[in-house]
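With the numbering used here as the guide, the letters of the sequence shown map in order to residues 5 to 72.
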Amino acid sequence: RTALGRAAAGLHALSPFATLERGYAIVRGPDGEVVREATARRPGDALVVTVARGELDARVEAVRDSGA
Numbered sequence: 005r006t007a008l009g010r011a012a013a014g015l016h017a018l019s020p021f022a023t024l025e026r027g028y029a030i031v032r033g034p035d036g037e038v039v040r041e042a043t044a045r046r047p048g049d050a051l052v053v054t055v056a057r058g059e060l061d062a063r064v065e066a067v068r069d070s071g072a
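And the structure:
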């Protein structure tokens, strides 16, 4: 039982939901595609932001490339 509990805790730590619980978000375009680069979007584009307990509808105001 203890080994099972440790395994479950390990799986939870790797879960995307655990990442959201730590304050991160998943940003998608209206087509559902994950936004990986700021330059993939333009001012005025609609976004859907998924957080730990819900979603937000957002709109791009400005795009800044980090140069990374």
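Ideal Cβ positions, reconstructed from N, Cα and C, are used throughout, including at glycine.
Among the options, nearest to residue i - alpha-carbon criterion
{"i": "residue 21", "options": "42, 55, 14 and 62", "result": "55"}
{"i": "residue 37", "options": "50, 26, 70 and 12", "result": "50"}
{"i": "residue 60", "options": "33, 8, 18 and 19", "result": "33"}
{"i": "residue 62", "options": "31, 70 and 44", "result": "31"}
Three-way DSSP call (helix, strand, coil) for residue i in this model
{"i": "residue 14", "result": "helix"}
{"i": "residue 50", "result": "strand"}
{"i": "residue 56", "result": "coil"}
{"i": "residue 29", "result": "coil"}
heavy atom of the ligand NAD below 7 Å from residue i C-beta
{"i": "residue 64", "result": "The ligand NAD is not part of this structure, which contains no ligands at all."}
Spatial neighbours of residue i in its chain, beta-carbon cut-off 8 Å, leaving aside the 5 residues before and after
{"i": "residue 66", "result": "47"}
Contacting residues, own chain, Cβ-Cβ under 7 Å from residue i (five flanking each side not counted)
{"i": "residue 14", "result": "none"}
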